Amino acid sequence: MKHPLLGIRGGCSCKKREKTMFMPFLFLLFQIPGGAWNTGILVEEPNPSPGFGTDHASGSDVDLDGIPDILVGDRVEVINGNINQGAAYLFSGSTGNLIHRIEGELKSELFGESMAMFNDLNSDGIPDFAVGASGDFLTRPGRVSVFCGASGNELYRLYGHGLRDKFGKNMSRVGDVNGDGFDDFIVGAHQATPYLNTEAGEVGVFSGLDGSLIYHYEGGNPYDSLGFQVGGLGDVNGDGIPDFGAMDLSSGSGGAVIVASGSTGEILYRIEGTAHGEMFGSMLEEVGDTNMDGCSDFLVGAPWYPVGQEHPGAAYLISGMDGSVLHLLVGDSEINGFFGESGTGIEDLDGDGLRDFAVGDTSADVNQIRNTGSVYFYSGRDGALIYQMTGEEGELMGKSITTPPPGRTDLPWDVLIYTRPPDLPPGEPNPGAIGAFSFDPFLQISRNRISASEGGAAVFQHDFPDSQAGFEYRLLMSTSERGITTYNGLDLPLAPSWQLKEFAYGQPAGFTGRTGFLNTQGRAQTTLGLLPGTALPVVGYSFTFASVTLDPNGQPSLSSAPVYLTIDP
14 MKHPLLGIRG GCSCKKREKT MFMPFLFLLF QIPGGAWNTG ILVEEPNPSP GFGTDHASGS
74 DVDLDGIPDI LVGDRVEVIN GNINQGAAYL FSGSTGNLIH RIEGELKSEL FGESMAMFND
134 LNSDGIPDFA VGASGDFLTR PGRVSVFCGA SGNELYRLYG HGLRDKFGKN MSRVGDVNGD
194 GFDDFIVGAH QATPYLNTEA GEVGVFSGLD GSLIYHYEGG NPYDSLGFQV GGLGDVNGDG
254 IPDFGAMDLS SGSGGAVIVA SGSTGEILYR IEGTAHGEMF GSMLEEVGDT NMDGCSDFLV
314 GAPWYPVGQE HPGAAYLISG MDGSVLHLLV GDSEINGFFG ESGTGIEDLD GDGLRDFAVG
374 DTSADVNQIR NTGSVYFYSG RDGALIYQMT GEEGELMGKS ITTPPPGRTD LPWDVLIYTR
434 PPDLPPGEPN PGAIGAFSFD PFLQISRNRI SASEGGAAVF QHDFPDSQAG FEYRLLMSTS
494 ERGITTYNGL DLPLAPSWQL KEFAYGQPAG FTGRTGFLNT QGRAQTTLGL LPGTALPVVG
554 YSFTFASVTL DPNGQPSLSS APVYLTIDP
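Every number in our numbering is 13 more than the matching position in the sequence shown, counting from 1.
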């Protein structure tokens, strides 16, 4: 009898071919094979400076070409001999061309220390942006200036209360919390001293329209340092209004994060770190809904998370619904690292239809090469490592990471990463650059779920590089378990299983175009059609698919990334 989904017969024996073509490979605790990362535009500072790119933002299309643009800060840029005056640069996200350059005003102002991009705040049809400068400590407090995207002129500015408040050191777009249609933003001032409460810290949420204060929070005790980090977290409680969070250092465990409602300002919950001194909350970034509960989840960085006597760092994926830990990822630096210093959510990379996320470790040493830095991409579903991107010696790759807003899958790049200029000799101090990277999975599926009772169709689009044009392709399937199988020397993102063996050599029912030849553009299409009731025996099961190409000699050439299909009742 044939399996209703696999279409294979029990008792089928393929042992001879199994030995020659499929060699079981152990489950690997590192990146999942398949697909390819491509490099796109790279933006650099015209006059190289060591602070360029330590913070950057994206998400708004200022030049109206359909691609979000890139706002980059250099808080230590020397201007007219004034050290640490700082500057901010706005580049086109499609061409890398410079749109605006804005300078700080004072020596040691650190202009460009934080930044955010918004929707159109002044109703001229062009999105706008903000830049923070935490202050020179002597003549005026820190500030946040909001600029017109069209002209680069300042729309308004906000100042902190005291010279040493560090107002503007951290800032983040939150989204529209007051229902006026304009993006609002959150600013931290972690050294503020409200009511003589030394460095208790303050946090403000401000209207993007006019800078008026919407919500205000103060640390409860001296040196709480509330606002050491702040972040927009998306809609964590499912009420349709974006929410936000802030770090404080009051917890004896080494940091805590408060999460507040954007609609009411009420504190929803507080999360404390799990290890003393870990600096829990040093990074706060929206990820999106990774567990299908309807609430946005978020990342919390703890770059001093300890393991034994060392501090490799960690990152927590937190459930927005209740603040519970979904996944804890620990850095792999042998001594001390900064894993969790940066991070972001990213669109689905592993084909399961769920948001994934990235974490940076600027001090990672790879293959005994110092300070290369790495960016690690993880599955939002189970926290599995999907891919590791590693820099060159001294690059400090991943010092900052940014992705487009959730849902933008139509862009030429998926992630912006702090990297190095391409002509920089290895080992030379890195003046910084921001590179755009895109992931090409080579295989996409039209849907990730089919109802067994209703039936339906899933369409697989094979889209390989032009170099594969005319090559044979095969769609393969295994269980939903993570794993790697070697196919004549090529690693596939499929767990070794009897389903994989039988699917490869059998004649599965319901598939059209499961094997064939790619067209002149390297493309092909496979369709799985399930009649109502045929998949009832596998309700609740998930299956992993991948596509492999074979060269004219019949040898495997490229593998796609995986895609997943779940059978619902």
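All C-beta atoms, glycine included, are put in the ideal place defined by N, C-alpha and C.
The structure presented is a predicted model; accordingly, all values stated were derived computationally and were not measured.
- A direct Cα-to-Cα measurement between Lys182 and Val216 gives close to 11 Å.
- Burial is judged here by how many other beta carbons sit within 10 angstroms of a residue's own beta carbon; Glu279 has fewer than 16 and is exposed.
- Per DSSP, Leu578 is one residue of the beta strand (DSSP E) stretching across Val576 to Asp581.
- For Trp317, there is no enclosing beta strand (DSSP E), as DSSP marks it with neither H nor E.
- For Ala146, the enclosing beta strand (DSSP E) covers residues Phe142 to Gly148.
- A buried status is given to Phe124, since no fewer than 16 other beta-carbon atoms sit within 10 Å of its beta-carbon.
- Straight-line measurement puts the Cα of Thr375 at about 34 Å from the Cα of Pro207.
- Ala328 is the residue among Gly148, Ile382, Ala328 and Ser185 whose C-alpha sits nearest the C-alpha of Gly286.
- Taken atom to atom, the span from the alpha-carbon of Gly333 to that of Phe241 is near 20 Å.
- In the same chain as Leu505, and ignoring 5 residues on each side of it, the C-beta atoms closer than 6 Å to its own belong to Thr498, Ala559 and Ser572, in chain order.
- Per DSSP, the continuous beta strand (DSSP E) segment holding Tyr329 begins and ends at His324 to Ile331.
- Residue pairing by DSSP places Glu360 in no beta bridge whatsoever.
- Cβ atoms of Leu367 and Thr303 come within 8 Å of each other, at about 5 Å.
- In the structure shown, the three-state DSSP call for Val75 is coil.
- Within the same chain, and ignoring the five residues on either side of Pro545 in sequence, the residues whose Cβ sits closer than 7 Å to its Cβ are Ser466, Glu467 and Gly468.
- A buried status is given to Pro454, since no fewer than 16 other beta-carbon atoms sit within 10 Å of its beta-carbon.
- Leu456 and Asp261 have their C-alpha atoms spaced approximately 44 Å apart.
- Tyr230 and Thr211 do not touch by the CB rule: their CB atoms are close to 17 Å apart, not below 8 Å.
- For Gly192 and Thr432, the gap between their C-alpha atoms comes out near 38 Å.
- Note: Arg487 is bridge-paired with Thr528 and Val561 in the DSSP secondary-structure output.
- Judged by DSSP in its simplified three-state form, Asp369 adopts strand.
- Trp50 carries a strand assignment under DSSP once its states are collapsed to helix, strand and coil.
- Taking C-beta atoms as the reference points, His174 and Leu429 fail to come closer than 9 Å.
- The Cβ-Cβ distance between Thr562 and Gln481 falls below 9 Å.
- When Cβ pairs closer than 8 Å are counted between the two stretches, the stretch 150–168 is seen not to touch the stretch 87–94, the count staying below three.
- Under DSSP, Met410 shares a beta bridge with Gly386.
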